Amino acid sequence: TQSYLPVPPGVGMEENFLSLDDILLSQEKLPTRTECVFPRLGFVEKTSDTRDIPEGTKMEMPLWLAKGLYDNKRRLVSVEQPKIYRQGWRTVFSADPNVVDLHKMGPYYYGLGSQLLHFDSPENPEIAQTVLQTYIGRFRRIMDSSQNAYNEDTSALVERLDVLERSLFRTGQIGLNDFQRWEKGQ
Amino acid sequence: MFCEKAIELIRELQRASDGQLPAFNEDGIRQVLEEMKALYEQNQTDVNEAKSEGRSDLIPTIKFRHCCLLRNQRCIAAYLYDRLLRIRSLRWEYGSVLPTSIRFHMCAEELEWFNQYKKSLATYMRSLGGDEGLDVTQDMQPPKS
Amino acid sequence: ANTETYLKSVALKHMPPNLQAVDLGKSVQK
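Protein chains in written order, with my numbering: chain A, 10 to 195; chain B, 15 to 159; chain C, -14 to 15.
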């Protein structure tokens, strides 16, 4: 319905507390390492035989938990960058951002990339730049395809897009459909 | 892992596309609240032990559980709030009397919220357009002519 | 007020004491 206006996701590094999209984004997993013992939580890490999560345990942790535990001064966890944000993939993106299937590699490429900046790393400026340039590089095709696909199956056009890009495509389609209806006097 | 039930509630709403209202998941809410109670009680025990026996090594675990509590709170609040947004939109789509099939998907508190919302909207509309008021929920589409 | 009453009665009052408040300003887009 047109009158349903959900709480939108946050912009950049921000999250909106009540946004369903942001909650789902923050469920994405990050490779982490525990920098101390977590007593009495051994059952959380299913591979652990001990009562505690030992220091040095590598685990995939949801973003919300990694953010909550991360502290520059008191090291409880350290966070690694997922592959897609590392140097090798950044080179691919800079060569041609349009070749990458961001749904398969994401699907929250931009959102997760922005959130990664909460965790200190010397690579953060490059990550931020790559995420931004990738968006710029792909934007034109998304806009064009959303404006030229009228009343047809768009699944092939969106299948390689990340969540943010699909939202953008949808917005373009809504605009196109609204304009067509206006032209027809509807 | 904690907070699995909470994220399921969010996914349930995300799957209901375009503002449809799925049935109120009372059981899901109850499970999340129970998990919160258990986490809180475990934390209370550990906080007391940390204070009385100097077990500062328990602090990371206490923090871990606190993150889970906050996560559960956030998911529940977002789930309930998003449902209200859908219910609000129903007033504009269907008018002040909702179809039975939709009311069936609402809990008692949501029905009460809807009734209050209708009253607020009616008060607002009466305040417009001089003495007569103005029904702004009409003519949402341009007339065919 | 309507929304606060609803959230309290359905969920918040059943939560631990330090988690019974949600700032509804957070529902507004930043």
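Positions of the beta carbon are idealized from the N, C-alpha and C atoms, including for glycine.
Just so we're clear, the structure is a prediction, and the values are computed from it rather than from any experiment.
| message | Is B/Met50 close to chain C? Criterion is C-beta to C-beta, closer than 7 Å. | response | In the second sequence, counting from the first residue as 1, residue 50 of chain B sits at position 36. With its beta carbon less than 7 Å from one in chain C, B/Met50 belongs to the interface.
| said: Let me make sure I understand the geometry here. Which of B/Ser31, B/Asn57, B/Ala136, B/Phe118 has the alpha-carbon closest to that of B/Val150? | reply: Here residue 150 of chain B refers to the residue found at position 136 of the second sequence. B/Val150 has its Cα closest to that of B/Ala136, out of B/Ser31, B/Asn57, B/Ala136, B/Phe118.
| message | With H, G and I counted as helix, E and B as strand and the rest as coil, what does DSSP make of A/Ser130? | response | Here residue 130 of chain A is taken as the residue at index 121 of the first sequence, counted from 1. When DSSP states are grouped into helix, strand and coil, A/Ser130 belongs to the coil group.
| said: Just to confirm the assignment, what range does the beta strand (DSSP E) spanning A/Leu39 have? | reply: On the first sequence, position 30 is the one that residue 39 of chain A refers to. 38 to 43 is the span of the beta strand (DSSP E), which, as asked, contains A/Leu39.
| said: With DSSP as the reference, identify every bridge partner of A/Met68, one or two as the case may be. | reply: On the first sequence, position 59 is the one that residue 68 of chain A refers to. Beta-bridge pairing links A/Met68 to A/Thr41.
| Nearest-angstrom Cβ-Cβ length linking A/Arg42 and A/Lys67, presumed shorter than 8 Å | Here residue 42 of chain A corresponds to residue number 33 of the first sequence, with the count starting at 1. Here residue 67 of chain A corresponds to residue number 58 of the first sequence, with the count starting at 1. That belief holds up - the Cβ atoms of A/Arg42 and A/Lys67 are roughly 5 Å apart, short of 8 Å.
| message | Distance cutoff 7 Å, beta carbons only. Does C/Lys(-7) sit that close to anything in chain A? | response | Within the third sequence, the letter at position 8 stands for residue -7 of chain C. For C/Lys(-7), the answer is no, since every Cβ of chain A falls outside 7 Å of its Cβ.
| Count the other CB atoms within 10 Å of the CB of B/Ser159; is the residue buried (16 or more) or exposed (fewer)? | As a position in the second sequence, residue 159 of chain B is number 145, starting the count at 1. Flag for B/Ser159 reads exposed.
| query | What residues of chain B sit near C/Val7, judged by a beta carbon separation below 8 Å? | reply | Residue 7 of chain C sits at position 22 when you count from the first residue of the third sequence. Within chain B, the residues near C/Val7 are Gln87, Ala91.
| task | Classify A/Thr139 as buried or exposed, calling it buried when 16 or more other Cβ atoms lie within 10 Å of its own Cβ. | result | Residue mapping note: residue 139 of chain A aligns to position 130 of the first sequence, counting from 1. A/Thr139 is buried by the Cβ-count criterion.
| task | For B/Lys19, count neighbouring C-beta atoms within 10 Å of its own C-beta (all shown protein chains included) and say buried if the count is 16 or more, exposed if not. | result | Start at 1 with the first residue of the second sequence, and residue 19 of chain B comes out as number 5. It is buried - the Cβ of B/Lys19 has at least 16 other Cβ atoms within 10 Å.
| Contact set for B/Gly147: own chain, Cβ-Cβ below 8 Å, skip 5 residues either direction | Counted from its first residue, the second sequence places residue 147 of chain B at position 133. Sequence-distant partners of B/Gly147 (beyond 5 residues in either direction) whose C-beta falls short of 8 Å from its own C-beta, in its chain, are Met139, Arg140, Ser141.
| task | Would you tell me roughly how many angstroms separate the C-alpha atoms of C/Leu6 and C/Leu(-3), rounded to the nearest one? | result | In the third sequence, the residue the question calls residue 6 of chain C occupies position 21. In the third sequence, the residue the question calls residue -3 of chain C occupies position 12. In the sequence on display, residue 6 of chain C carries Ala and not Leu. Taking C-alpha positions only, C/Ala6 is separated from C/Leu(-3) by approximately 7 Å.
| task | Check the C-beta distance from A/Gly77 over to B/Leu84 and give it rounded, since I have them as a contact under 8 Å. | result | Here residue 77 of chain A refers to the residue found at position 68 when the first sequence is read from its first residue. Here residue 84 of chain B refers to the residue found at position 70 when the second sequence is read from its first residue. That belief holds up - the Cβ atoms of A/Gly77 and B/Leu84 are roughly 7 Å apart, short of 8 Å.
| message | Extract the residue ranges of the beta strand (DSSP E) inside the region 57 to 114 of chain A, only unbroken runs of 3 or more that lie entirely within it. | response | Fully enclosed beta strand (DSSP E) runs of 3 or longer: 67 to 71, 86 to 88.
| request: Could you tell me the distance, in whole angstroms, from the CA atom of B/Phe128 to the CA atom of B/Arg97? | output: Locating residue 128 of chain B in the second sequence gives position 114, where the first residue counts as 1. Locating residue 97 of chain B in the second sequence gives position 83, where the first residue counts as 1. Between the alpha carbons of B/Phe128 and B/Arg97 lies a distance of about 11 Å.
| query | With a cut-off of 7 Å, does the C-beta of A/Phe26 fall near any C-beta of chain C? | reply | Here residue 26 of chain A corresponds to residue number 17 of the first sequence, with the count starting at 1. Cβ-Cβ to chain C under 7 Å: yes for A/Phe26.
| C-beta atoms of B/Phe16 and A/Phe47 nearer than 7 Å | In the second sequence, the residue the question calls residue 16 of chain B occupies position 2. In the first sequence, the residue the question calls residue 47 of chain A occupies position 38. Not closer than 7 Å, so no.
| said: Which residue wins for smallest C-alpha separation from A/Gln90, given the options A/Leu125, A/Asp187, A/Ser28? | reply: By one-based count along the first sequence, residue 90 of chain A stands at place 81. Among A/Leu125, A/Asp187, A/Ser28, the Cα nearest to that of A/Gln90 belongs to A/Leu125.
| said: Whole angstroms are fine: how far does the CA of B/Ser115 sit from the CA of A/Pro134? | reply: Locating residue 134 of chain A in the first sequence gives position 125, counting from the first residue. Locating residue 115 of chain B in the second sequence gives position 101, counting from the first residue. Going by the C-alpha atoms only, they are around 52 Å apart.
| Looking only at C-alpha atoms, which of B/Ala122, B/Gly143, B/Gln87, B/Asn39 sits nearest to C/Pro2? | Along the third sequence, read from residue 1 onward, the residue named residue 2 of chain C stands at position 17. Sorting B/Ala122, B/Gly143, B/Gln87, B/Asn39 by C-alpha distance to the C-alpha of C/Pro2 places B/Gln87 at the top.
| said: Taking contact to mean 3 or more Cβ pairs, one atom from each stretch, closer than 8 Å, check whether the region 10 to 18 of chain A and the region 26 to 45 of chain A are in contact. | reply: Yes, the region 10 to 18 of chain A is in contact with the region 26 to 45 of chain A.
| message | Can you tell me whether A/Asp171 is buried or exposed? The criterion is at least 16 other CB atoms within 10 Å of its CB, across all chains shown. | response | To locate residue 171 of chain A, count along the first sequence from 1; it is residue 162. Its Cβ being crowded by 16 or more others within 10 Å, A/Asp171 is buried.
| task | Select from A/Arg169, A/Gly184, A/Arg150, A/Ile145 the residue whose C-alpha is nearest the C-alpha of A/Asn160. | result | In the first sequence, residue 160 of chain A corresponds to position 151, counting from 1. For the options A/Arg169, A/Gly184, A/Arg150, A/Ile145, the alpha carbon positioned closest to that of A/Asn160 is the one of A/Gly184.
| query | Going by other Cβ atoms of all chains shown within 10 Å of its Cβ, with 16 needed for buried, is A/Ile145 buried or exposed? | reply | Position 136 of the first sequence, counting from 1, holds the residue named residue 145 of chain A. Classification for A/Ile145: exposed.
| message | Using a Cβ-Cβ distance cut-off of 7 Å, determine whether A/Arg60 contacts chain B. | response | Mapped onto the first sequence, residue 60 of chain A falls at position 51. So, not an interface residue.
| query | For B/Arg100, is the classification buried or exposed, using 16 other Cβ atoms within 10 angstroms of its Cβ as the cut-off for buried? | reply | Counting from one through the second sequence, the residue named residue 100 of chain B turns up at place 86. Buried, by the Cβ-count rule.
| If you measure from the beta carbon of B/Gln45 to each beta carbon in chain C, is any gap under 7 Å? | The residue given as residue 45 of chain B occupies position 31 in the second sequence. Answer no: the Cβ-Cβ gap between B/Gln45 and chain C never drops below 7 Å.
| request: Consider the Cβ of A/Trp215: report whether some Cβ of chain B lies at a distance smaller than 7 Å. | output: Any question about residue 215 of chain A goes unanswered here, given that chain A covers just 10 to 195.
| task | Taking B/Gln130 as the query, report the chain C residues whose CB atoms sit under 7 Å from its CB, ordered along the chain. | result | For the purposes of this step, residue 130 of chain B is identified with residue 116 of the second sequence, where counting begins at 1. Going along chain C in sequence order, the residues near B/Gln130 (Cβ under 7 Å) are Asn(-13).
| query | Taking DSSP as the reference, what is the three-state secondary structure of A/Phe52? | reply | Within the first sequence, numbered from 1, the residue matching residue 52 of chain A stands at position 43. Note: A/Phe52 maps to coil in three-state DSSP.
| field | Strand pairing of A/Phe188, partner residues [DSSP] | value | Here residue 188 of chain A corresponds to residue number 179 of the first sequence, with the count starting at 1. Bridge partners of A/Phe188: none, in fact.
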